[in-house]
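K.L.:
The structure under discussion is supplied below as structure tokens; questions concerning it will follow.
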Amino acid sequence: MANRVFVTGIGIICAIGNNAGETLASLQTNRSGIQPLTILDTIYRGELPAGEIKLTNEQLAEMAGITDLEMHTRTALLGMIAAGEALKDAGIDPKDSHFRTGISSASTVGGMDRTEINYRNYHQGAPYSNFILTHGCNDHTEKIAVSYGFRDMVTTMSTACSSSANSIMFGTRLIRHGIIDRVLAGGTDALSKFTLNGFNTLMILDKKPCRPFDKNRMGLNLGEGAAFLVLESEKALRDRTPLCELSGFANANDAYHQTASSPDGSGPFLSMSRALESCGLKPCDIDYVNAHGTGTDNNDFTEGIAIERVFGKKIPYVSSTKPFTGHTLGAAGAVEAVISVLSITNSILFPNLNFREKIDELSFEPLKEMVTGIRLKHVLSNSFGFGGNDSTLILSSC
Amino acid sequence: MKAFIRGIGNISPQPTFEKEVFPEGIREYHTAKLQSVEPDYKNFIKSAQLRRMGRLLKMGVTSAGMCLQDAGIEKPDSIITATGLGMQGETEKFLNSLLDNGEEMLNPTAFMQSTHNTVGAHIAVMLGCKNYNVTYVHGPVSFEHALLDSLMWLAEKPSDKVLLGGIEEITELYFDMTDSLGFWKKGEISNLELLEDKRPGTIAGEGAAFFLLTTEENHGNYACIRGLTTRFNPGNQDIALSMVQEFLESKNISVKDIDLLLLGMNGDPASDAVYQPVLDNYSILCTAWFKHLCGEHYLASSFALWLAAKILKNGNIPAAVMLNDRPKSGRVNNILIYNHYRNIYHALILLSSC
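First to last, the protein sequences are chains A and B. Following the numbering used here from start to finish, the first sequence increments by one per residue and tops out at 477. Following the numbering used here from start to finish, the second sequence increments by one per residue and tops out at 621.
Encoded structure:
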């Protein structure tokens with residue numbers, strides 16, 4: 080397909096920054112956001128660290144310019160903050176009628192953060208019952224759409240931890256098909272007891288900061304956040320200079336197990352190799368892989384095997400940035416796409432924190448130290464999820 | 268962008284998984300909560316697996332199996348699903364146990380089946396489908412966006428076969444919660460007299476409808492999907508008529524060629540009034556409805572697509588869905604489905620006979 084799609088703006092809020100500038104500064108100084116929980120009300124506060132954004136809902140509401148907190152979930156507040164930054168960064172107004180502008184967002188548990196607090200009190204009527212209206216994964220998307228005036232395409236996807244890689248992919252395809260000219264694509268997820276306990280019952284949460292690709296990795300740390308990219312067609316771009324190009328992507332299914340990945344990494348292998356195919360690149364063209372790298376036994380092993388199958392002996396730089404942000408679930412694909420854009424535009428590669436020893440069965444180690452002054456032509460970002468939903472995005476410098 | 272419907276599977280509050288359309292007439296309910304008539308799942312799922320599966324997962328996987336069987340296809344290429352609430356039953360189960368047990372001693376099974384992509388993923392595992400697999404969750408237009416993606420996908424990969432599905436369940440608790448917000452009609456209500464009941468609210472429903480889509484012409488195809496559009500209308504503007512007019516224009520089809528207008532009327536006077544400008548302007552058209560059959564839910568338009576596909580294949584319109592007394596003489600060739608949700612989301616789908 081001929082229509083090229085460019086990244087013209089980014090927005091992010093996560094455990095290491097309330098915007099792209101702060102996030103970049105933390106990445107550049109190895110400042111991790113994995114800390115004891117202090118905001119989420121859970122019995123695991125002292126036990127399970129996470130990439131929590133150290134702002135209360137009231138503080139987030141103030142940042143987002145919201146006064147009726149009753150109808151806003153933490154998920155929506157995070158989404159609105161990151162969306163606003165991305166639109167401002169790109170300098171576009173969705174209400175501008177010269178272009179058709181859509182939003183393609185994503186979330187795994189939507190408004191669960193409010194639901195789990197008010198769930199038992201719905202029969203007491205409003206305000207207790209209002210959570211029902213903000214529970215859905217699409218609630219935050221609507222809030223952003225209303226705030227900024229999106230009309231032409233307003234949609235939300237949910238494929239577990241690969242959700243926002245897929246919403247970015249769908250947004251890109253909507254532009255390529257000429258259905259819209261510009262799209263705000265990404266996702267948001269707030270920490271909730273629901274997800275914390277869910278992952279805890281699966282026994283894949285590390286009680287210490289996570290160590291992706293380390294031989295002695297003990298699991299993941301959850302995180303929260305929101306991130307969006309503004310994507311535009313060549314026509315919508317006019318004479319503005321984009322940050323980079325969204326050049327390739329693919330989605331494949333591991334078709335192995337609901338929550339575990341196959342031992343030969345077939346889903347991740349397919350999503351990476353098909354993403355390369357989609358933009359006519361060879362494995363050796365990729366300068367850096369921002370890995371899914373959760374820190375679980377299962378993921379890092381199978382992702383590592385798949386990386387070896389795709390890249391053979393010439394493995395590019397690989398790092399997981401989840402030791403900085405935690406695993407932000409439905410937002411992870413977008414959070415890591417934004418970090419990949421920051422890598423390209425600042426010629427920096429961020430290290431895989433906490434790594435000590437290589438996994439025996441793998442031939443490669445992740446990147447241990449920051450690399451600066453590196454010209455990055457093509458960066459590949461992986462996002463995998465429950466249900467074997469594996470997605471890969473390729474971002475290229477212009 | 269267009270696609271043919273090769274196979275269908277539908278589990279709904281009517282026995283829609285039977286070959287004939289409403290063989291025993293319409294099932295009447297005397298409640299505002301319509302739950303699916305469930306088939307014998309053992310014909311599609313091994314009993315060892317069945318025990319571990321939530322109700323919506325069983326409905327979804329079985330409906331998908333029926334669809335593939337109907338299409339005579341063992342394995343699709345891509346799987347594109349849509350759901351509004353997602354795995355509501357499993358989500359409630361995990362949330363209840365979390366709250367009851369103070370976050371301790373929890374069983375992970377319900378959590379593992381709580382993600383919105385569970386049905387699509389489960390089908391992929393069962394059939395070994397390693398290709399494109401996504402789930403749309405944008406409330407009342409989830410299905411339309413999954414359909415849009417399906418059409419885009421088939422334009423990109425014309426030789427693929429896409430399995431498209433819409434799944435939604437109404438649980439006791441979700442019904443009660445939304446009832447407390449005034450969503451549903453109170454007290455005695457018959458789905459067969461829904462339009463005569465002028466009280467606010469409607470009836471709740473659920474269902475799992477799957478479609479096997481292909482670009483290949485075949486005498487077995489049900490219908491051709493010619494396009495769709497959705498609109499987000501948070502300001503509750505009167506967009507019904509202009510939206511229909513613009514859409515028909517964009518599809519190069521004149522109003523007189525529409526043989527059936529299939530509307531999402533649901534018996535809520537305020538909601539039904541939104542369709543009135545269209546009904547008034549196109550009063551010559553044969554019009555029908557479907558929500559007395561499946562109830563109101565986020566995936567109701569997937570039921571409408573099933574009904575439209577059946578009508579186009581059989582050539583006639585069941586009397587039980589007619590809204591006006593303008594029965595179509597001759598074959599039904601073009602159907603326009605128009606559904607809106609609280610005047611905030613509007614969606615149109617155009618289908619033609621093959």
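The beta-carbon is built from N, C-alpha and C at its ideal position, and this holds for glycine as well. This structure is a prediction, so every number in the text was calculated from the model and none was measured.
In chain B, which residues lie with their C-beta within 8 Å of the C-beta of A:Ala224?
P.N.:
Phe499 and Pro501
K.L.:
Strictly by DSSP, which residues pair up with A:Leu310?
P.N.:
A:Val86 and A:Val262
K.L.:
Taking C-alpha atoms, which residue in A:Phe307, A:Gly467, A:Ile394 and A:Ser341 lies nearest to A:Asp366?
P.N.:
A:Ile394
K.L.:
Quick one: residues in its chain with C-beta nearer than 6 Å to the C-beta of A:Met297, no 5 flanking neighbours on either side, listed in chain order?
P.N.:
Correct list, in chain order: Asp285.
K.L.:
Nearest chain B C-beta to A:Ser237 closer than 8 Å, yes or no?
P.N.:
yes
K.L.:
Determine, using beta-carbon pairs with one atom in the segment 468 to 476 of chain B and one in the segment 597 to 613 of chain B, whether at least three such pairs fall under 8 Å.
P.N.:
no
K.L.:
Indicate whether B:Ile602 and B:Ser568 have their beta-carbon atoms separated by less than 8 Å.
P.N.:
no
K.L.:
Answer yes or no: the CB of B:Asn384 versus the heavy atoms of the ligand SAH, is any distance below 7 Å?
P.N.:
Looking at this structure, you won't find the ligand SAH or any other ligand, since it has none at all.
K.L.:
Alpha carbon to alpha carbon, what distance is there between A:Ala162 and A:Thr102?
P.N.:
15 Å
K.L.:
Along chain A, in chain order, which residues have C-beta atoms closer than 7 Å to that of B:Met354?
P.N.:
Going along chain A, no residue has its Cβ under 7 Å from B:Met354, so there is no contact; the nearest lies around 11 Å.
K.L.:
What residue range is occupied by the uninterrupted beta strand (DSSP E) comprising B:Trp556?
P.N.:
Start and end: Thr554 to Trp556.
K.L.:
Three or more beta-carbon pairs under 8 Å between the segment 331 to 346 of chain A and the segment 426 to 443 of chain A, yes or no?
P.N.:
no
K.L.:
Taking 7 Å as the limit between beta carbons, can you name the residues of its chain near B:His559, skipping five residues before and five after?
P.N.:
Asn458, Leu459 and Leu461
K.L.:
Give the DSSP-derived three-state secondary structure of A:Met80 in the structure shown.
P.N.:
Because A:Met80 carries a pLDDT of 49, less than 50, the predicted location of this residue cannot be relied on, and no value is offered for it.
K.L.:
Give, in chain order, every unbroken run of the alpha helix (DSSP H) that is at least 4 residues long and sits entirely within the segment 334 to 377 of chain B.
P.N.:
The qualifying runs are 355 to 367.
K.L.:
Let me know the alpha helix (DSSP H) ranges lying completely inside the segment 392 to 433 of chain A, each 4 residues or longer, listed in chain order.
P.N.:
401 to 404 and 411 to 425
K.L.:
Would a check of beta-carbon distances place A:Leu281 closer than 8 Å to chain B?
P.N.:
yes
K.L.:
By DSSP's criteria, B:Ser491 is part of a beta bridge. Which residues make up the other side?
P.N.:
Just to set this straight, residue 491 of chain B is Cys in the shown sequence, not Ser. In the DSSP output, where bridge partners are listed per residue, B:Cys491 has B:Phe271 and B:Ser619.
K.L.:
Which residue marks the beginning of the alpha helix (DSSP H) containing B:Leu574, and which one marks its end?
P.N.:
Where B:Leu574 is concerned, the enclosing alpha helix (DSSP H) stretches over Ala567 to Asn581.
K.L.:
Is the distance from the Cβ of A:Thr238 to the Cβ of A:Gly466 below 8 Å?
P.N.:
yes
K.L.:
Between B:Ala614 and B:Ile272, which are expected to be in contact by the criterion C-beta below 8 Å, what is the C-beta distance as a whole number of angstroms?
P.N.:
That belief does not hold up - the Cβ atoms of B:Ala614 and B:Ile272 are roughly 17 Å apart, past 8 Å.
K.L.:
With DSSP collapsed to three states, give me the class of A:His371.
P.N.:
coil
K.L.:
From which residue to which residue does the beta strand (DSSP E) around B:Glu435 run?
P.N.:
Val429 to Glu435
K.L.:
Mind checking whether B:Asn625 and B:Asp344 have CB atoms under 8 Å apart?
P.N.:
Since the first residue of chain B shown is 268 and the last is 621, residue 625 of chain B is not available in this structure.
K.L.:
Does any C-beta atom of chain B lie closer than 8 Å to the C-beta of A:Gln247?
P.N.:
Residue 247 of chain A is actually Ile in this sequence, not Gln. No, A:Ile247 does not count as interfacial toward chain B.
K.L.:
State the Cα-Cα distance for the pair A:Asp218 and A:Ala155, rounded to the nearest angstrom.
P.N.:
7 Å
K.L.:
For B:Val545 versus B:Leu590, is the C-beta distance shorter than 8 Å?
P.N.:
No, the Cβ-Cβ distance between B:Val545 and B:Leu590 is not below 8 Å.
K.L.:
Taking beta-carbon pairs under 8 Å, can you tell me which members of the segment 117 to 131 of chain A lie near chain B?
P.N.:
Going along the segment 117 to 131 of chain A in chain order, one finds Thr121, Ile122 and Tyr123 with a Cβ nearer than 8 Å to chain B.
K.L.:
Where in the segment 182 to 244 of chain A do unbroken runs of the alpha helix (DSSP H), each at least 4 residues long, occur, reported from the N-terminal end onward?
P.N.:
Unbroken alpha helix (DSSP H) stretches of 4 residues or longer found wholly inside the segment 182 to 244 of chain A: 191 to 197, 210 to 213 and 218 to 227, given in chain order.
K.L.:
Take A:Glu448 and list the residues in its own chain whose beta-carbon comes closer than 7 Å to its own, dropping the five residues that flank it on each side.
P.N.:
Pro430
K.L.:
Could you pull out every residue in the same chain whose Cβ sits closer than 6 Å to the Cβ of A:Ser460, ignoring the five residues on either side in sequence?
P.N.:
Asn369, Glu415, Ala416, Ser419 and Leu472
K.L.:
For B:Asn398, which residues in chain A fall below 7 Å Cβ to Cβ?
P.N.:
Ala331 and Asn332
K.L.:
Quick one: Cα of B:Tyr565 to Cα of B:Gly433, how far?
P.N.:
9 Å
K.L.:
Apart from the five residues on each side of it in sequence, which residues of its chain come closer than 7 Å, Cβ to Cβ, to A:Met80?
P.N.:
Any reading at A:Met80 must be qualified, since the residue scores a pLDDT of 49, below 50, and its modelled position is unreliable; the value itself is stated next. The beta carbon of A:Met80 lies closer than 7 Å to those of Arg255 in the same chain, with the five residues before and after it left out.
K.L.:
Compare the C-beta of A:Phe463 against all C-beta atoms of chain B and say whether one is closer than 8 Å.
P.N.:
no
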